[in-house]
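Right, one structure below, let's go through it.
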Amino acid sequence: MQRIPKTRLIILAMFFLIIAYSLPLYAKAYLLGLLTVAYYFGIFSMSWDLLFGYAGEVNFGPTFLIGLGAYTAGILNNQFGLGIYWCILTGSLASVVGGVLLALPALRLKGPYFGLTTLVAVLLLQNMIVVMADITGGEIGLTVPDVIAINDTANYYIALGVMTVSGFILYAFANSRFGLILEAIGQNPTEAASLGFNVTKHKLTAFIISAFFSGIAGAFLVFYFGSASVGTLIEVSVGVQVIIAAVLGGRRTILGAVLGSIFMISATEALRPLGTLSTFVVSLIALAVIMIAPGGFLSFLASKQESAN
Amino acid sequence: MKLETNELNGKDGAILKVQDIVCRFGGLIAVNEISFELRAGEIMGLIGPNGSGKSTVMKLIMGVLKPSQGTIQVNGAFINGLPAHKVAKAGVGIVFQHSKPLQRQTVLEHIKLALLPDEIFAIVNHAELNARALDIAKRVGLIHLVDRLPGTLSFADLRRIELAKAIARDPKVVLIDEPFAGLTASEVEEFSVLIRNFKDEGRAILLVDHNVKSVAALVDRVFAMYLGAKIAEGPANTVMQDPVVREVYLGGSLLVATRPELEFNRAALIEIKDVNVYYGKAQALENINLHVREREFVSVVGLNGAGKSTLFNAVSGMLDYSGSISFNSKSLQGISPAQISRAGVIQCPETRELFGELSVGENLEVAGLHLSAKARKEQSEWLFELFPILKSRISQAAATLSGGEQQMLAIARCLMSKPKLLLLDEPTLGLAPVILEQLSKALEKLRHSTDLTVLLAEQNVTFALPHADRVYVLEHARIIWEGKPDKFVSEMGHIYL
Numbered sequence: 427m428q429r430i431p432k433t434r435l436i437i438l439a440m441f442f443l444i445i446a447y448s449l450p451l452y453a454k455a456y457l458l459g460l461l462t463v464a465y466y467f468g469i470f471s472m473s474w475d476l477l478f479g480y481a482g483e484v485n486f487g488p489t490f491l492i493g494l495g496a497y498t499a500g501i502l503n504n505q506f507g508l509g510i511y512w513c514i515l516t517g518s519l520a521s522v523v524g525g526v527l528l529a530l531p532a533l534r535l536k537g538p539y540f541g542l543t544t545l546v547a548v549l550l551l552q553n554m555i556v557v558m559a560d561i562t563g564g565e566i567g568l569t570v571p572d573v574i575a576i577n578d579t580a581n582y583y584i585a586l587g588v589m590t591v592s593g594f595i596l597y598a599f600a601n602s603r604f605g606l607i608l609e610a611i612g613q614n615p616t617e618a619a620s621l622g623f624n625v626t627k628h629k630l631t632a633f634i635i636s637a638f639f640s641g642i643a644g645a646f647l648v649f650y651f652g653s654a655s656v657g658t659l660i661e662v663s664v665g666v667q668v669i670i671a672a673v674l675g676g677r678r679t680i681l682g683a684v685l686g687s688i689f690m691i692s693a694t695e696a697l698r699p700l701g702t703l704s705t706f707v708v709s710l711i712a713l714a715v716i717m718i719a720p721g722g723f724l725s726f727l728a729s730k731q732e733s734a735n
Numbered sequence: 004m005k006l007e008t009n010e011l012n013g014k015d016g017a018i019l020k021v022q023d024i025v026c027r028f029g030g031l032i033a034v035n036e037i038s039f040e041l042r043a044g045e046i047m048g049l050i051g052p053n054g055s056g057k058s059t060v061m062k063l064i065m066g067v068l069k070p071s072q073g074t075i076q077v078n079g080a081f082i083n084g085l086p087a088h089k090v091a092k093a094g095v096g097i098v099f100q101h102s103k104p105l106q107r108q109t110v111l112e113h114i115k116l117a118l119l120p121d122e123i124f125a126i127v128n129h130a131e132l133n134a135r136a137l138d139i140a141k142r143v144g145l146i147h148l149v150d151r152l153p154g155t156l157s158f159a160d161l162r163r164i165e166l167a168k169a170i171a172r173d174p175k176v177v178l179i180d181e182p183f184a185g186l187t188a189s190e191v192e193e194f195s196v197l198i199r200n201f202k203d204e205g206r207a208i209l210l211v212d213h214n215v216k217s218v219a220a221l222v223d224r225v226f227a228m229y230l231g232a233k234i235a236e237g238p239a240n241t242v243m244q245d246p247v248v249r250e251v252y253l254g255g256s257l258l259v260a261t262r263p264e265l266e267f268n269r270a271a272l273i274e275i276k277d278v279n280v281y282y283g284k285a286q287a288l289e290n291i292n293l294h295v296r297e298r299e300f301v302s303v304v305g306l307n308g309a310g311k312s313t314l315f316n317a318v319s320g321m322l323d324y325s326g327s328i329s330f331n332s333k334s335l336q337g338i339s340p341a342q343i344s345r346a347g348v349i350q351c352p353e354t355r356e357l358f359g360e361l362s363v364g365e366n367l368e369v370a371g372l373h374l375s376a377k378a379r380k381e382q383s384e385w386l387f388e389l390f391p392i393l394k395s396r397i398s399q400a401a402a403t404l405s406g407g408e409q410q411m412l413a414i415a416r417c418l419m420s421k422p423k424l425l426l427l428d429e430p431t432l433g434l435a436p437v438i439l440e441q442l443s444k445a446l447e448k449l450r451h452s453t454d455l456t457v458l459l460a461e462q463n464v465t466f467a468l469p470h471a472d473r474v475y476v477l478e479h480a481r482i483i484w485e486g487k488p489d490k491f492v493s494e495m496g497h498i499y500l
């Protein structure tokens, strides 16, 4: 794998942020709405990349964490009228608790079983929501009385702000010594343990961080949509989108996941006129990118002369 | 007996104390009641042929595996059963034989990684960390390479990184698996100096290797294992003269049985010319020239890591090589493994690669799917004659067979597809002598009653010689000797101790 020089990554991030923050000055409300969703999905994908790219664990159930946060926040608001920000905070904590309950037994498993467990967790959550339709809204969905803001620009800035802060923290984690240990664990857990690192503790911490940010973004999304439904937040296909976005952007880069999400959301939207074919075409494009550039979008930033010769 | 010598040197000197450890994998006893002590500033060589359990002992000490019985102490504290990260904190460091560095981190970052605390929120003094990492880099001879990425380093320098990581936490006990594998003679010298420095710093060092010869110059003492048990302990010279060790490595009497009539008129079935193979930077095969005539049984003898399996994988088309390999005068370069196998070159790999959950009968059936039902039946009848034990196990899952039975099934499965050339890789690995005898008989039967051609790779010379018309010796990726088995003992016997 090629090394992406940090300066190039930072210049790209700055460039991206300048455009993103100035966008409401000249862009239409329609585009802002689209990007608002893309930014929240970007947080999902960044959180997923911390687990896959660094800890080496494939979490097939990002929507389990997202859904826990989203539905906890939604139900608290819908049933008890709790304030939005209290709901969001509680939602993200619920994701952390649920994530730990899932990860503690699952991380003991070896090989592909961790991934399978996370997949089953999604199905369990999905079924619980349908069964407990009285408070969750079941298959129809849950509507929340409150929304964050009704103004498109305000919603856009909130999403952008949350994404910037989350991205900054996740990137800092990944590039800290914690990220280094995690990367070593992901590559060879036996050797990392022999160097004195508690593998389970580090993986669990990564899972908690990932769960916290997935939950918080899920909860924000509920109060942006004004509703939560299994189809938009929990179904396995949503999780697959999150995963594809992260891989498209560039594994082990954290920041690439945002680019991947923007691509996935806007391509799906742009191709909507194709009807049911649109998902097919987007998947085809994603497949082509992954085959041609397995390192994702950000691999184009990698410096050539640093590779082995 | 040897323990008494230890006691003379002072009981308190023992830093690592291994007592009666046993390790079972299912029915297999990989390590059987092994005990030894290691003092500060002492280097011990733990030797044994492949499958003897020496690497398992190392993993048991490190906590990668848990002993079924017995105790392990470091400085008086029991560490048996602890997970690896706690064993590391108790003062044990390890250099694994195969370890891949992180690709995006520099040499210095690798060393820093090994110095980091196992606390997620601990405060780290980065200046001090940097200074310590640089100091370690200097000690292992990496100081001029600290900013380089692993992809740009030589194999020896990658091994230096592993040494650096292993000593980063200042361990009292250092375990090194195959310290010199893949190194050139001058690099072996440099690494010996490094290891001696560790010793002079007062660490106890355990070198795990295949034979005495490679570590003799460095060790204070040798502990030899075979089939999970101790067979000898003492100074390198004494162990080399030990009758049991000689028996294990060289065999009591080397039998040879050539068939002179085959030498003359047969054409070469397989011809290997100037073959080179690289794994990244390490050269795994160097200018290999070898041929096997039709109906000939040829043995390639060499220690673990000499390149035997690489040679077989090249013939089977499973890796890229330069030079030419031709079968029946047709070049195999660029032909897919499946086509090569259909042409009649079948490899029976060291790892056996059986379908563990399929029964014995099903394993054979899969291999014979391209045959007609009638031919398949005949072939399996013949195989059951060759290996009668398999018939009684016909509906048993392959994974539940004993090691010897699995090896027989692996060979039978290869023969099922009626190969012209059988590449047999280390069939004796980890098998008890009584099983070897059964395998021997089967090979003799094949040799005398069929047209099969066999290329056998072995480190067990006792097994390889009797079944060979000709022998090649492979050492460090090169063929260093070729000749008749009867000349082997006088000309090459010495390197096998």
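Chains as they are written, first to last, in the numbering used here: chain C, 427 to 735; chain L, 4 to 500. Glycine included, each C-beta is placed from N, C-alpha and C at the ideal position. Please read all numbers here as calculations on a predicted model, not as lab measurements.
Rounded C-beta distance between F467(C) and V668(C)? I'm assuming under 8 Å. As a working mapping, residue 467(C) is identified with position 41 in the first sequence. As a working mapping, residue 668(C) is identified with position 242 in the first sequence. In this structure F467(C) touches V668(C) by the C-beta definition: roughly 7 Å separates them, less than 8 Å.
So which of L314(L), K233(L) and K202(L) has the shortest CA-CA distance to E36(L)? Residue numbering aside, residue 36(L) sits at position 33 when the second sequence is read from its first letter. Taking only the C-alpha atoms, the option nearest E36(L) is K233(L).
Going residue by residue through the segment 8 to 76 of chain L, where are the continuous beta strand (DSSP E) segments of at least 3 residues, counting only ones entirely within it? 17 to 28, 31 to 42 and 46 to 50, all fully within the segment 8 to 76 of chain L.
Thinking C-beta only, is D223(L) closer than 8 Å to I46(L)? Taking the first residue of the second sequence as position 1, residue 46(L) is located at position 43. Taking the first residue of the second sequence as position 1, residue 223(L) is located at position 220. A distance below 8 Å separates the beta carbons of I46(L) and D223(L).
Mind listing the chain C neighbours of R135(L)? Cutoff is C-beta to C-beta under 8 Å, in chain order. For the purposes of this step, residue 135(L) is taken as residue 132 along the second sequence, with counting starting at 1. What R135(L) touches in chain C: nothing, since even the nearest Cβ is about 14 Å away.
Among the residues of its own chain, which have a CB less than 8 Å from the CB of I328(L), if the five just before and after it don't count? The residue labelled residue 328(L) in the question sits at position 325 within the second sequence. Non-local beta-carbon contacts of I328(L) in its own chain, meaning distances under 8 Å to residues more than five positions away in sequence, involve I273, E274, I275, K276, V278, A317, V318, S334, L335 and Q336 in chain order.
Using only the alpha-carbon positions, how far apart do Q731(C) and Y324(L) sit? Here residue 731(C) corresponds to residue number 305 of the first sequence, with the count starting at 1. Here residue 324(L) corresponds to residue number 321 of the second sequence, with the count starting at 1. With a pLDDT of 40 at Q731(C), under the threshold of 50, the modelled position of that residue is not reliable, and the figure given next carries that caveat. Cα to Cα, Q731(C) sits roughly 26 Å from Y324(L).
Please tell me whether G495(C) and S592(C) are closer than 8 Å, where the distance is taken between their beta carbons. The count along the first sequence starts at 1 and reaches residue 495(C) at position 69. The count along the first sequence starts at 1 and reaches residue 592(C) at position 166. In this structure, S592(C) does not lie closer than 8 Å to G495(C) by Cβ.
Would you say the segment 656 to 664 of chain C touches the segment 447 to 461 of chain C, given that touching needs at least three Cβ pairs under 8 Å? Note that the segment 656 to 664 of chain C does not touch the segment 447 to 461 of chain C; fewer than 3 beta-carbon pairs, one per stretch, sit closer than 8 Å.
Starting from the C-beta of S256(L), find all residues in its chain whose C-beta is less than 6 Å away, skip the five residues before and the five after it, and write them out in chain order. Mapped onto the second sequence, residue 256(L) falls at position 253. Below a pLDDT of 50, predicted positions are generally treated as unreliable, and S256(L), at 49, falls in that range; no measurement from the model is reported.
When DSSP builds the beta bridges, which residues end up paired with W484(L)? The residue labelled residue 484(L) in the question sits at position 481 within the second sequence. W484(L) is bridged by DSSP to V476(L).
Alpha carbon to alpha carbon, how far is R199(L) from A480(L)? Within the second sequence, residue 199(L) is the residue found at index 196, counting from 1. Within the second sequence, residue 480(L) is the residue found at index 477, counting from 1. Taking C-alpha positions only, R199(L) is separated from A480(L) by approximately 27 Å.
Is the shortest distance between the beta-carbon of G255(L) and the beta-carbons of chain C less than 8 Å? Against the second sequence, residue 255(L) aligns to sequence position 252. Residue confidence for G255(L) is low, a pLDDT of 48 falling below 50, so the modelled location carries little weight; the figure read from the coordinates is stated next. Under the 8 Å criterion on CB atoms, G255(L) is classed as non-interfacial with respect to chain C.
Hey, out of M61(L), G310(L), F390(L) and L418(L), whose CA is closest to E408(L)'s CA? For the purposes of this step, residue 408(L) is taken as the residue at position 405 of the second sequence. Nearest to E408(L) by C-alpha distance, out of M61(L), G310(L), F390(L) and L418(L), is F390(L).
Consult DSSP for A439(C) and reduce its assignment to one of helix, strand or coil. Sequence index remark: in the first sequence, residue 439(C) carries index 13 (1-based). Judged by DSSP in its simplified three-state form, A439(C) adopts helix.
Entirely within the segment 327 to 387 of chain L and at least 3 residues each: give me those beta strand (DSSP E) ranges in chain order. Here the runs fully enclosed are 348 to 351.
According to the Cβ coordinates, are G433(L) and D212(L) closer than 8 Å? Position 430 of the second sequence, counting from 1, holds the residue named residue 433(L). Position 209 of the second sequence, counting from 1, holds the residue named residue 212(L). At least 8 Å separates the beta-carbon of G433(L) from that of D212(L).
Can you check whether the CB of L477(L) is closer than 8 Å to the CB of K311(L)? The residue labelled residue 311(L) in the question sits at position 308 within the second sequence. The residue labelled residue 477(L) in the question sits at position 474 within the second sequence. Yes, they are a contact pair.
As an exercise, report each continuous beta strand (DSSP E) stretch of at least 3 residues that is fully enclosed by the segment 413 to 474 of chain L, in chain order. 424 to 428 and 456 to 461, all fully within the segment 413 to 474 of chain L.
Using beta carbons (cut-off 8 Å, strictly below), is A91(L) in contact with chain C? Counting from one through the second sequence, the residue named residue 91(L) turns up at place 88. By this cut-off, A91(L) is an interface position.
Which term fits L528(C), buried or exposed, when burial requires 16 or more other beta carbons within 10 angstroms of its beta carbon? Working through the first sequence from its first residue, we reach residue 528(C) at position 102. Under this definition L528(C) is a buried residue.
Report the three-state DSSP secondary structure of N553(C) (helix, strand or coil). Locating residue 553(C) in the first sequence gives position 127, where the first residue counts as 1. Residue state, collapsed to three classes: helix.
Partners in chain C for P86(L), counting only beta-carbon separations shorter than 7 Å: Taking the second sequence and counting its residues from 1, one reaches residue 86(L) at position 83. Contacts between P86(L) and chain C, judged by CB atoms closer than 7 Å, involve A619 in chain order.
Partner residues on chain L for F604(C), Cβ-Cβ distance less than 7 Å: Indexing the first sequence from 1 puts residue 604(C) at position 178. Chain L residues near F604(C): I123.
Checking 8 Å against the spacing of the C-beta atoms, do V437(L) and R396(L) come in under that value? Locating residue 437(L) in the second sequence gives position 434, counting from the first residue. Locating residue 396(L) in the second sequence gives position 393, counting from the first residue. In this structure, V437(L) lies away from R396(L), with their beta-carbon atoms at least 8 Å apart.
Just verifying my parser: in three-state terms, what is the DSSP assignment at K284(L)? On the second sequence, position 281 is the one that residue 284(L) refers to. Coil, per DSSP.
Starting from V149(L), follow the alpha helix (DSSP H) in both directions and report where the run begins and ends. Taking the first residue of the second sequence as position 1, residue 149(L) is located at position 146. Per DSSP, V149(L) lies in no alpha helix (DSSP H) segment and is marked neither H nor E.
Since I believe G205(L) is in contact with G44(L) (beta carbons under 8 Å), could you give me their beta-carbon distance rounded to a whole number of angstroms? Walking along the second sequence from the start, residue 44(L) turns up at place 41. Walking along the second sequence from the start, residue 205(L) turns up at place 202. Yes, G44(L) and G205(L) are in contact; Cβ-Cβ is about 5 Å, under 8 Å.
Against A547(C), what residues of chain L qualify as contacts under a CB-to-CB distance less than 9 Å, listed in chain order? On the first sequence, residue 547(C) is found 121 positions in, with the first residue counted as 1. Those do not exist, as A547(C) stays about 25 Å from chain L at its closest Cβ, beyond 9 Å.
Does the beta-carbon distance from S167(L) to A207(L) come in below 8 Å? For the purposes of this step, residue 167(L) is identified with residue 164 of the second sequence, where counting begins at 1. For the purposes of this step, residue 207(L) is identified with residue 204 of the second sequence, where counting begins at 1. The sequence shown places Ala at residue 167(L), rather than the Ser named in the question. No, the Cβ-Cβ distance between A167(L) and A207(L) is not below 8 Å.
For the alpha helix (DSSP H) containing E181(L), name the first residue and the last one. Numbered from its first residue, the second sequence carries residue 181(L) at position 178. Segment: none, E181(L) is in no alpha helix (DSSP H) and carries neither H nor E.
Would you check if the distance between the CB atom of L476(C) and the CB atom of F599(C) is smaller than 8 Å? For this step, residue 476(C) is matched to residue 50 along the first sequence. For this step, residue 599(C) is matched to residue 173 along the first sequence. Yes.
Inspect the beta-carbon positions of I510(C) and D572(C) and report whether they are closer than 8 Å. Here residue 510(C) is taken as the residue at index 84 of the first sequence, counted from 1. Here residue 572(C) is taken as the residue at index 146 of the first sequence, counted from 1. By the CB criterion at 8 Å, I510(C) and D572(C) fall inside the cutoff.
Short check: CB of I501(C) to CB of T569(C), under 8 Å? Taking the first sequence and counting its residues from 1, one reaches residue 501(C) at position 75. Taking the first sequence and counting its residues from 1, one reaches residue 569(C) at position 143. Their beta carbons are not under 8 Å apart, which means I501(C) does not touch T569(C) by this criterion.
Anything in chain C within Cβ reach of S102(L), meaning under 8 Å, just list it in chain order. Position 99 of the second sequence holds residue 102(L). Under the 8 Å cutoff, chain C gives N614 and E617.
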